[in-house]
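Right, one structure below, let's go through it.
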Amino acid sequence: MEKEIINYPVELTLALLGDKWKILILCQLFKGTKRFNEIFRSITNINQKMLAKQLRALENDGFITRKVYPEVPPRVEYTLTPLGRSLNPVIEAMFNWAMENKESFTFKYTINIEPDLKLPH
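Position 90 (the sequence shown) corresponds to 90 in UniProt numbering; numbering is contiguous.
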């Protein structure tokens, strides 16, 4: 497989995280280690197949770790790696921008953002 050519720093960020599901998954994991169903229940409109695909991609890119416990039924937990945690300021900047500018987009979206929502550090 031929490698994609990346010419700009933002292009690399978008190539890795440009999908809306990945950012939402990371937001959940900033709150701490989560199991699959915890993440699934916390993200509106994602299906299980898409969540599994996005979790695999985040793991393959080094943003999260997946720990499988040898139990019946199997227990799997997802945690941010140091690389994943390093995205906190980036996602926090996106969050702050949305909070400051959300009124500019009410013509296009019904916005139900909780005003007291904060990302954990």
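Cβ coordinates follow ideal geometry from the N, Cα and C atoms, glycine included.
- Task: Would you be able to state if there are at least three C-beta pairs under 8 Å between the segment 96-108 and the segment 32-42?
- Result: no
- Item | Chain-order list of residues whose beta-carbon lies under 8 Å from that of W21 (same chain, five-residue window excluded) | I43, I46, M50, L51, Q54
- Query: Could you give the distance in angstroms between the alpha-carbon of V90 and the alpha-carbon of R66?
  - Reply: 23 Å
- Item | Distance, T79 Cα to N96 Cα | 24 Å
- Query: Exposed or buried, what is I5 when buried is set at 16 or more other beta-carbons lying within 10 Å of its beta-carbon?
  - Reply: exposed
- Query: What three-state label does DSSP hand V72 in the structure shown?
  - Reply: coil
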